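Chemist: Shown below is the structure under consideration.
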Amino acid sequence: MSKRIEDYLGNEAETLLNHTCKTIDKNDLYLPGGDYIDRVFSETDRSPAVQRSFQQMLDHGRLGGTGYLSILPVDQGVEHSASASFAANPRYFDPKNIVELAIEGGCNAVASTAGVLASVSRKYAHKIPFLVKLNHNELLSLPAIHDQNMFASVEQAFDMGAIAVGATIYFGAQESRRQIMEVSEAFARAHELGMVTVLWAYTRNSAFKHDGVDYHTSADLTGQANHLAVTIGADIVKQKQATNNGGFRDIGFGQTDDRVYSELTTDNPIDLTRYQLVNCYMGRFGLINSGGAATGKDDLAEAVRTAVINKRAGGMGLILGRKCFKKPLDEGIELLNAVQDVYLNDQVTIA
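Numbering that gives the first Met the number 0 numbers the first residue of the sequence shown as 0 and each following residue consecutively.
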C-alpha cells in the first residue's frame, strides 16, 4: 500500500483500507474496469454513438483505460456566484484556465457551463472531452430561490463539440417534479445525439434536517435519489458521499425496510457508499462522488479519503472542482493527481 495514501487517511487508514464489505458482496456488483463498455454498458439500449462517447471519456487522461473517471467541474460561477468562486484565484475567471487545469491535471473530462465551454470550444473540444452542465441554481434573486433551471439546450452542447451533458435535480424539493420532466426529456435527446448523460442527484428539503441531524447525505435518501436518477436515463450518477443513514426512518416519511439498516448497510462509510451504488442498478451505471467544498489545508487528505471510499465501495470515480481551482495551478494539479493515484493503485481494492 502506498504510504502516502495511508498518511492522508491518518487514524482511519486501518478502517478504510482493510474493511471487508459484508452487506452487498462485491461479486454481485457491476464494477468499473477497462472492459466496462463491452461488459456492462453495451447491454443497455444506448446507441453505438453513446457507447463511443462514453469510451472516449474513459480513455482520456491519467485514468485512461482503467474504467475510472476523474472529472473537473467548474460551474460554480453560476451556482455560487463568480465572485465567491473566483476571487481567491482570479485566473479562473478566464475559461481557458479552467480547461487547462483539467488537461494539465490529467482529467478524463471537464464539466462546466455552456458559456464557459462555448467560449473556448474551438480551441479545446478536440483536446479533452467536454461535459456541458445544462441547468443551474442562480443566486442573484432576493430572497434567494433554490431551483434548477435550464440555461442551455442539448443541441447547444452538441454543436460546441461536447460529448456529454449534465444536469442537477433537487429530489425532495417542491420543484423536483418539473426538474425530473425537464431533465428526462433532455437526457433522451442527448442519447439521440450520441451523448453521455450525467445527473447530479441531490436531495433538498428543509424537512431533511430533523432533530438537529442533517439527512441530506443519508445513505437511504441519497440511495433513492440515485435510483430515480438511473430511472430517467442517467449514464453516470454524481452523488455526495453518504455521511449517515436513517433519513426515511428517523424523519418518518416515505417507505423503507428495516433490512436497509440491519443487513444492507453498516456505519462504515464504505458500506454506506456501496448502498448508494447498489441503487444505481448494482453498478450498471457508474457512481461518482463529489469532492466537496474547499476547506483549506485538509483539502488533499479529504479528497484522497473520498476517493478511497468511492473506489472500495465499487464506485467509478470522483468529480472534484472547488478544492482545485481555489488553489494555485500546481497545487490544483497535485490534488487531482493524488485522487487519480488512488484509482491507479492496485492495492486499493474493492471491499
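Virtual Cβ for every residue (Gly too), placed ideally from N, Cα, C.
Given the structure is predicted, the values throughout are model-derived calculations rather than measurements.
Please state if the CB of Lys132 and the CB of Asp74 are separated by a distance shorter than 7 Å.
Modeler: Reading the sequence shown from its first residue, position 75 is the one you call residue 74. Reading the sequence shown from its first residue, position 133 is the one you call residue 132. In contact: Asp74 and Lys132 (Cβ atoms closer than 7 Å).
Chemist: Following the continuous alpha helix (DSSP H) through Ile102, name the residue where it begins and the one where it ends.
Modeler: Along the sequence shown, one-based indexing puts residue 102 at 103. Per DSSP, Ile102 belongs to the alpha helix (DSSP H) from 94 to 103.
Chemist: Under the DSSP definition of a beta bridge, which residues are partnered with Lys425?
Modeler: Not covered by the structure: residue 425. The range shown for the chain is 0 to 350.
Chemist: Would you kindly check if the distance between the Cβ of Asn225 and the Cβ of Gln275 is under 7 Å?
Modeler: Locating residue 275 in the sequence shown gives position 276, counting from the first residue. Locating residue 225 in the sequence shown gives position 226, counting from the first residue. Yes, the pair counts as a contact, with Cβ atoms nearer than the cut-off.
Chemist: Going by beta-carbon coordinates alone, are Ser69 and Gln339 separated by less than 7 Å?
Modeler: If you number the sequence shown from 1, residue 69 lands on position 70. If you number the sequence shown from 1, residue 339 lands on position 340. Going by C-beta atoms, Ser69 is nearer than 7 Å to Gln339.
Chemist: Which value, in whole angstroms, describes the spacing of the CA atoms of Ser353 and Ile97?
Modeler: Residue 353 falls outside the range modelled here, since the chain spans only 0 to 350, and no answer is possible.
Chemist: Take His145 as the anchor and find which of Pro47, His79, Asp298 has the nearest alpha-carbon.
Modeler: Translated into positions along the sequence shown, residue 145 becomes position 146. Nearest of Pro47, His79, Asp298 to His145, Cα basis: His79.
Chemist: What are the start and end residues of each continuous beta strand (DSSP E) run of 3 or more residues lying completely inside the segment 185 to 253, in chain order?
Modeler: DSSP runs (the beta strand (DSSP E)) wholly in the segment 185 to 253: 195 to 202, 235 to 238.
Chemist: Could you check what DSSP says for Gly171 in three-state terms: helix, strand or coil?
Modeler: For this step, residue 171 is matched to residue 172 along the sequence shown. Gly171 falls in the coil class under three-state DSSP.
Chemist: Alpha carbons only, please: which of Glu42, Gly313, Glu333, Asp256 is nearest the one belonging to Gly104?
Modeler: If you number the sequence shown from 1, residue 104 lands on position 105. Out of Glu42, Gly313, Glu333, Asp256, Glu333 has the C-alpha closest to the C-alpha of Gly104.
Chemist: Less than 7 Å between the C-beta atoms of Leu286 and Val236, yes or no?
Modeler: Taking the sequence shown and counting its residues from 1, one reaches residue 286 at position 287. Taking the sequence shown and counting its residues from 1, one reaches residue 236 at position 237. Yes; because the gap between Cβ atoms is below 7 Å, this pair is in contact.
Chemist: Among Ser82, Ser289, Ala81, whose alpha-carbon lies nearest the alpha-carbon of Leu335?
Modeler: Here the question's residue 335 lines up with position 336 in the sequence shown. Among Ser82, Ser289, Ala81, the Cα nearest to that of Leu335 belongs to Ser289.
Chemist: Mind checking who Ser69 pairs with in its DSSP beta bridge?
Modeler: Position 70 of the sequence shown, counted from the first residue, corresponds to residue 69. According to DSSP, Ser69 bridges with Leu317.
Chemist: Which residue spans inside the segment 284 to 334 form an unbroken alpha helix (DSSP H) run of at least 4?
Modeler: DSSP runs (the alpha helix (DSSP H)) wholly in the segment 284 to 334: 298 to 312, 321 to 324.
Chemist: On the three-state DSSP scale, how would you describe Met159?
Modeler: Here residue 159 refers to the residue found at position 160 of the sequence shown. Reduced to three states, the DSSP call for Met159 is coil.
Chemist: Am I right that Cys20 and Ala241 are in contact with their C-beta atoms under 8 Å? What's the rounded C-beta distance?
Modeler: Working through the sequence shown from its first residue, we reach residue 20 at position 21. Working through the sequence shown from its first residue, we reach residue 241 at position 242. No, Cys20 and Ala241 are not in contact; Cβ-Cβ is about 14 Å, not under 8 Å.
Chemist: Are the beta-carbon atoms belonging to Tyr29 and Gly314 less than 7 Å from one another?
Modeler: Here residue 29 refers to the residue found at position 30 of the sequence shown. Here residue 314 refers to the residue found at position 315 of the sequence shown. For Tyr29 and Gly314, no; Cβs fall outside 7 Å.
Chemist: Would you mind stating whether Val182 and Ala166 have Cβ atoms separated by less than 7 Å?
Modeler: Translated into positions along the sequence shown, residue 182 becomes position 183. Translated into positions along the sequence shown, residue 166 becomes position 167. Cβ distance < 7 Å, so Val182 and Ala166 count as in contact.
Chemist: Could you have a look at Asn148 and say whether DSSP puts it in helix, strand or coil?
Modeler: Along the sequence shown, read from residue 1 onward, the residue named residue 148 stands at position 149. Residue state, collapsed to three classes: strand.
Chemist: Does the beta-carbon of Pro47 have 16 or more other beta-carbons within 10 angstroms, so that it is buried, or is it exposed?
Modeler: Start at 1 with the first residue of the sequence shown, and residue 47 comes out as number 48. By the 10 Å Cβ count, Pro47 comes out exposed.
Chemist: Is it buried or exposed for Met194, if we count other Cβ within 10 angstroms and need 16 for buried?
Modeler: Numbered from 1 along the sequence shown, position 195 holds the residue referred to as residue 194. Its Cβ being crowded by 16 or more others within 10 Å, Met194 is buried.
Chemist: Following the continuous alpha helix (DSSP H) through Tyr123, name the residue where it begins and the one where it ends.
Modeler: Along the sequence shown, one-based indexing puts residue 123 at 124. Its alpha helix (DSSP H) spans residues 120 to 123.
Chemist: Between which two residues does the alpha helix (DSSP H) harbouring Met56 extend?
Modeler: Mapped onto the sequence shown, residue 56 falls at position 57. 47 to 58 is the extent of the alpha helix (DSSP H) around Met56.
Chemist: Measuring CB atoms only, is the segment 100 to 117 touching the segment 317 to 334, in the sense that at least three cross pairs come out at less than 8 Å?
Modeler: Touching, yes.
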